[in-house]
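So for the sequence shown, the numbering used here puts the first residue at 486; every next one is plus one. Just below is one structure, and these are the notes that go with it.
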Amino acid sequence: MIALQSEHPRPHATLIFRMHDQQSPNLPAGKEVRLWCPTCAREVDDPLVCGDCSAVICRVCGTPLESADELAFG
486 MIALQSEHPR
496 PHATLIFRMH
506 DQQSPNLPAG
516 KEVRLWCPTC
526 AREVDDPLVC
536 GDCSAVICRV
546 CGTPLESADE
556 LAFG
């Protein structure tokens, strides 16, 4: 028995994503930015940055992070 190719080949796609190698130019040079996750209730030292919208999110839970300097406690 001979296998015949279909008239309609299966569709496919190739996706290529590039990660940024450099730090965002929007951050002031020399200023340390401290980030806080309201869901995990902890300071985040290793955030993720969304490649589509540039949102800074928690690596543990995915919540958008807040600047620890701008939080009002008490």
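Virtual Cβ for every residue (Gly too), placed ideally from N, Cα, C.
Query	Result
Cβ neighbour criterion (16 or more within 10 Å) applied to V529	buried
Start and end residues, beta strand (DSSP E) containing R527	R527 to V529
Top-ranked residue by Cα proximity to C543, from E555, D554 and P523	P523
Cα-Cα separation, E551 to C538	16 Å
Reduced DSSP category for E555 - H, G, I as helix; E, B as strand; rest coil	helix
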